[in-house]
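Here the structure is laid out as structure tokens; the discussion comes afterwards.
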Amino acid sequence: MRLNVSYSVIKMADDSEITTLTRYIPVDVFLGMIEGNIKKLIHTYGHTNCGLRQEELCEKIKKIISEHKNIIFEHMDTRSKKKWSKEWDSQRSKYFSRLYQEEGFINMCSIPFQSIAFHSMPFHSG
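Just so you know, the sequence shown maps onto residues 1 to 126 in the working numbering.
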């Protein structure tokens with residue numbers, strides 16, 4: 001998938017009229033790019049009464065994030081990428097938890113792998 005993203009934010013440095021980030025794409029633009037795909041995956045891999053196939057879903061989400069992140073990073077310089085990564089790291093968990101909740105599920109992709117593996121194991125009675 002190839003998207004033509006042409007978006008810039010001009011930030012003035014202390015009223016000096018010097019731009020500091022001319023090739024920055026806000027995290028909200030990225031979230032808008034991935035949200036529909038993530039919702040579709042949540043509904044593909046889950047049923048409200050049965051839960052989600054977490055491991056498969058988390059891998060698909062990672063792939064979507066990586067693909068779309070590469071697309072927007074093509075249009076950003078090094079400083080913009082660093083700022084974006086910092087903002088993404090601070091918003092990611094809250095964003096996905098809210099999105100899962102809106103769709104009627106619990107976000108388990110941010111739980112350490114050992115916990116996910118435990119939850120996906122079938123339970124056997126005696």
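Glycine residues also receive a C-beta, built at the ideal position from the N, C-alpha and C atoms.
The structure presented is a predicted model; accordingly, all values stated were derived computationally and were not measured.
Original post:
Can we say the segment 72-81 touches the segment 91-111, given the rule of at least three CB pairs closer than 8 angstroms?
Top reply: As far as the Cβ criterion goes, the segment 72-81 does not touch the segment 91-111, which means the pair count is below three.
**OP:** Tell me, to the nearest whole angstrom, how far the beta carbon of Met33 is from that of His68; I am working on the premise that it is less than 8 angstroms.
**Re:** 5 angstroms
Subject >> Pro26 versus Phe96 - alpha carbon distance >> reply: 17 angstroms
Original post:
Can you pull the DSSP bridge partners for Gly36?
Top reply: Its beta-bridge partners do not exist; DSSP assigns none.
Original post:
Buried or exposed: which applies to Lys62, given that a residue is buried once 16 or more other Cβ atoms fall within 10 Å of its Cβ?
Top reply: exposed
**OP:** Let me know if Thr44 comes out buried or exposed under the rule of 16 or more other beta-carbons within 10 Å of its beta-carbon.
**Re:** Exposed, by the Cβ-count rule.
Original post:
In its own chain, which residues sit with a C-beta less than 7 angstroms from the C-beta of Leu31, not counting the 5 before and 5 after it?
Top reply: Tyr95
Original post:
By how many angstroms is the C-alpha of Gly46 removed from the C-alpha of Arg53?
Top reply: 6 angstroms
Subject >> Cβ-Cβ distance between Lys60 and Tyr24 below 8 angstroms >> reply: no
Original post:
Which value, in whole angstroms, describes the spacing of the CA atoms of His42 and Asn107?
Top reply: The question names His, yet the displayed sequence has Ile at residue 42. One C-alpha to the other measures close to 10 angstroms.
Original post:
Cα-Cα, which of Ile65, Leu57, Glu55 is closest to Val29?
Top reply: Residue Ile65 is the option with its Cα nearest to Val29.
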